[in-house]
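Enquirer: The structure's right below; bear with me while I get my questions together.
2 protein chains.
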Amino acid sequence: MNATVTEKEIITPSEFLQNWQGHRLLTRRVIEAFPEKELFEFSIGGMRPFAELAKEMLAIAVPGLKEIVTGLQEPYEENRTAFTTKQELLDAWDEATEQINVYWQQIPLHRFRETVNLFGQYNFPAIVNITYALDNEVHHRGQGYVYLRALGIEPPAFYDRW
Amino acid sequence: MNATVTEKEIITPSEFLQNWQGHRLLTRRVIEAFPEKELFEFSIGGMRPFAELAKEMLAIAVPGLKEIVTGLQEPYEENRTAFTTKQELLDAWDEATEQINVYWQQIPLHRFRETVNLFGQYNFPAIVNITYALDNEVHHRGQGYVYLRALGIEPPAFYDRW
């Protein structure tokens, strides 16, 4: 994939944002579905608990958009969001939801296709980096579904994102 | 989301296809990583074994594109692909890879944004239905990662899709 537009595109920025925020709403419901203790401690096969996976999502989304908008590069910081309870995580999640909307409106159309060396590590067109963030969230949230099922908890429906 | 283009778009059809096929390559590697027996039998929390999840992906991708291209509607058929071994599943996966490329080239640009009542059930713009298929694959493949970890098997890297 490169940054030159050679054909007409099929998804608008506002549609992409709507899909992403729909997924983020579903991820929020998955966080809510975990009991407090299991959110921070339950794991399968040596994987990270779901709170750690959510922390990774928070470490990518707003800092990534911030760099795309401002051009100011900071190293990736997994632990940038401090929380020790489910409610604190949900509050951080909601704050990120608002910040994503604010930063998104500041991305000029041409910027989506410009190469951004995100966190000094991921040198791709901005839209590729953003798509990676979304796919990574869906990937890890799917893992949260297995954790919930293993705990005997019915996860929210995958299509329920509105 | 609606089918009217009101702003310039950010992803081209060929880029979308490249991302999807990259994910499908990774899903193929996840299928390969399962031992034969566990692919068809291993499960956590009452969920479907990974072969069943892969069967769902196969039931959506090519039949969905076929309906988008031809306009011919058939009901969703989970069991359309018959396989009883890992190799047969991989062969079906590779056949679908080729068919997706062939059908994709036959989707006129305007068609991506037209509403398609996929399988007579999912009445959305074609690109929304296709995005759902991709997100659904990433979601279920993430679950396969947990199965592999629970089996003590290292999954392929999430970013290794080329």
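Keeping their order, the protein sequence lines are chains A and B.
Residues 38 to 199 (this note's numbering) are what the first sequence spells out, left to right.
Residues 38 to 199 (this note's numbering) are what the second sequence spells out, left to right.
Glycine residues also receive a C-beta, built at the ideal position from the N, C-alpha and C atoms.
1. Is there a C-beta anywhere in chain A that falls below 8 Å from the one on B/TYR182?
2. Does DSSP put A/ILE144 in a helix, a strand or coil?
3. Figure out for me which residue from B/PRO193, B/ASN138 and B/ALA91 has the closest Cα to the Cα of B/LEU126.
4. Once the 5 residues before and after B/ARG66 are set aside, which same chain residues still bring their CB inside 7 Å of it?
5. Taking just the CA atoms, how far does B/GLU135 sit from B/GLU46?
6. Does chain B have any CB closer than 8 Å to the CB of A/ASP128?
7. Inspect the beta-carbon positions of B/ASN166 and B/VAL153 and report whether they are closer than 8 Å.
8. Does B/VAL175 get closer than 8 Å to chain A when you measure Cβ to Cβ?
9. Applying the 10 Å Cβ sphere with the 16-neighbour rule, what's the burial state of B/ASN173?
10. When the Cα of B/SER51 is compared with those of B/TYR140, B/GLY108 and B/TYR182, which residue comes out closest?
11. Could you list which residues in chain B have their beta carbon closer than 8 Å to that of A/ARG150, in chain order?
12. Assign B/TYR169 to one of three DSSP states: helix, strand, or coil.
13. Would you say B/ASP197 lies against chain A (beta-carbon separation less than 8 Å)?
14. Are the beta-carbon atoms belonging to A/ILE190 and A/TRP130 less than 8 Å from one another?
15. For B/GLU115, I'd like the list of residues in its chain whose CB is within less than 6 Å of its CB, leaving aside the five on either flank, ordered along the chain.
16. From B/ILE48, B/PHE53, B/TRP57 and B/THR49, pick the residue whose C-alpha is nearest to that of B/ARG198; which is it?
Expert: According to the data block:
1. yes
2. coil
3. B/ALA91
4. PRO193
5. 27 Å
6. no
7. yes
8. yes
9. buried
10. B/TYR140
11. ILE47
12. helix
13. no
14. no
15. ALA96
16. B/TRP57
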